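*Asks:* Below is the structure I would like to discuss, written out as structure tokens.
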Amino acid sequence: MGLFDVHAHLTSPRFEEPASALIERAEKAGLTTIISNGLNIQDNQATLALAQKFSIVRPALGLYPVDAVLPEMEKEGVDYPREDACVATAEETIEWLENHIDDAFAIGEIGLDHHWVPESCWHRQEEIFRQLVQVAMKADLPIIIHTRKAERRAFEILSEMKAPRVNWHCYSSRLKLARKIAEAGHFLSIPANARRSETFTGMLRTLPRQQVLLETDCPYLSPTPGTLNEPQFVAQTLEYAAELWGETKESAQEIVEDNFVSLFGTEP
Ligand SMILES: [Zn+2]
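Note that the numbering used here has the sequence shown beginning at 963, numbered continuously upward.
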């Protein structure tokens, strides 16, 4: 067992260093697992290539909820700041995922985004989300959820579909709903900037400990504003969780390691 990051983007073009440098520092900090999350077909392919090269990297293959409806958004003339261009449709991506399901450690990130996506595309986004959840459930794979301003709806859909293995990445809505989500047996991963965030602090204080996981969302959400985040910084969340829980770092780590096993069915 060891430390882990359940939500990284090691393939991000924002990183100026090669992934090997980030991985080396992560290993020094005690990490044994980094789940790198794909956003679209090209990114999923890059994620798989990385996982083949470095055993610490576990590939989550997904379709970012904004990427899922890009053609529809374009038709509506909605501007979305993109870092790379993905040309595949949602149908093509779902087919690709089905063809690569045996290589996936998890399905993610997937979900609903009402922040960037206009209301006219929500129905379509939901349709795609349901199909992706179905793909994960059919293969008995854990799901890694991204939602923004659509947490309640995403929870309704996942509950209705009875998705059994779910982690919510970077949840940022009401604490009351977070507790309901945890009570339903879903996991919530807390990013490395938790100390600066009222929501994540509240989650660490009040969520049942056995539903808490660690993530970074690197290169985003750095604990130090204006710098790039990276997997090694999960150690900072662990330290903060131990503080709030009144536990030693070792026993806090044991708790989250056991949680990882509960969701992913394998040791981190
Ligand atoms: Zn992400």
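In this text, a Cβ means the ideal position worked out from N, Cα and C, and glycines have one as well.
None of the values given here were measured: they were computed from a predicted structure.
Give me, in chain order, the residues of the same chain whose beta-carbon lies closer than 7 Å to that of Ala-1030; leave out the 5 immediate sequence neighbours on both sides.
*Replies:* As a first step, residue 1030 is located in the sequence shown; it is residue number 68 there, counting from the start. Ala-1052, Gln-1087, Ile-1090, listed in sequence order.
*Asks:* Is DSSP giving Ser-998 helix, strand or coil here?
*Replies:* The sequence position of residue 998 within the sequence shown is 36, counting from 1. Correct three-state label for Ser-998: strand.
*Asks:* May I ask whether a heavy atom of ligand 1 can be found less than 6 Å away from the beta carbon of Asn-999?
*Replies:* Counting from 1 along the sequence shown, the entry for residue 999 is found at position 37. Checking every heavy atom of ligand 1 against the Cβ of Asn-999, one is found closer than 6 Å.
*Asks:* So, Trp-1078 versus Ile-1107, is the Cβ gap smaller than 7 Å?
*Replies:* Counted from its first residue, the sequence shown places residue 1078 at position 116. Counted from its first residue, the sequence shown places residue 1107 at position 145. Against a cut-off of 7 Å, the Cβ pair of Ile-1107 and Trp-1078 comes out as no contact.
*Asks:* Below 8 Å, can you find three or more Cβ-Cβ pairs linking the segment 1148-1157 to the segment 1092-1102?
*Replies:* Not touching, per the Cβ criterion.
*Asks:* Would you call the segment 1107-1116 and the segment 1060-1067 in contact, with 3 or more CB pairs under 8 Å?
*Replies:* The answer is no - the segment 1060-1067 does not touch the segment 1107-1116, with fewer than three Cβ pairs under 8 Å.
*Asks:* Please classify Asn-1191: does DSSP put it in a helix, a strand, or coil?
*Replies:* Stepping through the sequence shown from its first residue, residue 1191 is reached at position 229. Asn-1191 falls in the coil class under three-state DSSP.
*Asks:* Drop a sphere of 10 angstroms on the beta-carbon of Phe-998, count the other beta-carbons inside from all chains shown, and report buried for 16 or more, exposed for fewer.
*Replies:* Start at 1 with the first residue of the sequence shown, and residue 998 comes out as number 36. Correcting the residue type first, residue 998 is Ser in the shown sequence and not Phe. Ser-998 is buried by the Cβ-count criterion.
*Asks:* Would you call the segment 975-991 and the segment 1159-1173 in contact, with 3 or more CB pairs under 8 Å?
*Replies:* Because the criterion of three Cβ pairs below 8 Å is not met, the segment 975-991 and the segment 1159-1173 do not touch.
*Asks:* Is the distance from the Cβ of Val-968 to the Cβ of Leu-1183 below 7 Å?
*Replies:* Position 6 of the sequence shown, counted from the start, is the residue given in the question as residue 968. Position 221 of the sequence shown, counted from the start, is the residue given in the question as residue 1183. Cβ distance not < 7 Å, so Val-968 and Leu-1183 don't count as in contact.
*Asks:* Nearest to Leu-1120 by alpha carbon, out of Lys-1142, Gln-1007, Phe-1162?
*Replies:* Position 158 of the sequence shown holds residue 1120. Selected option, being the one with the closest Cα: Lys-1142.
*Asks:* If Arg-976 and Thr-995 are in contact, beta carbons under 8 Å, what's the gap, nearest whole angstrom?
*Replies:* Position 14 of the sequence shown holds residue 976. Position 33 of the sequence shown holds residue 995. In fact, because the Cβ distance is near 22 Å, the residues do not count as touching under 8 Å.
*Asks:* Relative to ligand 1, is the shortest distance from any of its heavy atoms to the C-beta of Glu-1071 smaller than 6 Å?
*Replies:* The residue you call residue 1071 lines up with position 109 of the sequence shown. Yes, Cβ of Glu-1071 sits closer than 6 Å to a heavy atom of ligand 1.
*Asks:* Using the C-alpha atoms, what's the distance from Glu-1209 back to Ile-1072?
*Replies:* Walking along the sequence shown from the start, residue 1072 turns up at place 110. Walking along the sequence shown from the start, residue 1209 turns up at place 247. If you take the alpha carbons of Ile-1072 and Glu-1209, they lie about 33 Å apart.
*Asks:* Using the three-state DSSP reduction, which class does Trp-1078 fall into: helix, strand or coil?
*Replies:* Within the sequence shown, residue 1078 is the residue found at index 116, counting from 1. Three-state result, Trp-1078: coil.
*Asks:* In the DSSP assignment, find the unbroken alpha helix (DSSP H) run with Arg-1232 in it and report its ends.
*Replies:* Residue 1232 cannot be examined here, being either before or after the span of the chain that is shown, 963 to 1230.
*Asks:* Around the Cβ of Pro-980, are there at least 16 other Cβ atoms within 10 angstroms (buried) or fewer (exposed)?
*Replies:* Working through the sequence shown from its first residue, we reach residue 980 at position 18. That one is exposed.
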